[in-house]
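A.B. asks: What the sequence shown shows, in our numbering, is residues 11 to 67, in sequence order.
Beta carbons are placed, not taken as given, at the ideal position from N, Cα and C, and that holds for glycine.
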Amino acid sequence: MGLIYTLILIAIAALMSTTIDGLLHIGGITQGLPGWLFWAVVLSLVAWLMAPSRSRP
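Here it is, written out as structure tokens:
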């Protein structure tokens with residue numbers, strides 16, 4: 011289930027980063043990382059933390 015959350019959030023992040031990067035040019039904030047990659051990593055981490063897991067208490 012965490013993989014599904016991750017894929018959905020990466021798709022949302024790609025759409026958002028295209029819009030935000032086109033409007034605000036936020037690529038400089040992440041020191042050269044593409045906006046979509048930065049948000050994909052951040053949202054993947056959020057999805058992993060929110061996903062139910064049997065190994066975490």
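#1: Under 8 angstroms, do Ile-18 and Ala-50 count as touching if we go by C-beta distance?
#2: Is DSSP giving Ala-61 helix, strand or coil here?
#3: Excluding the 5 residues preceding and the 5 following Ala-24 in the sequence, name in chain order all residues of the same chain whose CB lies nearer than 6 angstroms to its CB.
#4: Can you say whether Leu-53 is buried or exposed, counting buried as having 16 or more other CB atoms within 10 angstroms of its CB?
#5: Apart from the five residues on each side of it in sequence, which residues of its chain come closer than 6 angstroms, Cβ to Cβ, to Gln-16?
C.D. replies: Based on what the coordinates show:
#1: Here residue 18 refers to the residue found at position 8 of the sequence shown. Here residue 50 refers to the residue found at position 40 of the sequence shown. It is not a contact, given that the beta carbons lie outside the stated cut-off.
#2: Taking the first residue of the sequence shown as position 1, residue 61 is located at position 51. Coil.
#3: For the purposes of this step, residue 24 is identified with residue 14 of the sequence shown, where counting begins at 1. The residues are Trp-46.
#4: Stepping through the sequence shown from its first residue, residue 53 is reached at position 43. By the 10 Å Cβ count, Leu-53 comes out buried.
#5: For the purposes of this step, residue 16 is taken as the residue at position 6 of the sequence shown. Reading the sequence as shown, one finds Thr at residue 16 and not Gln. Around Thr-16: Ser-54, Ala-57.
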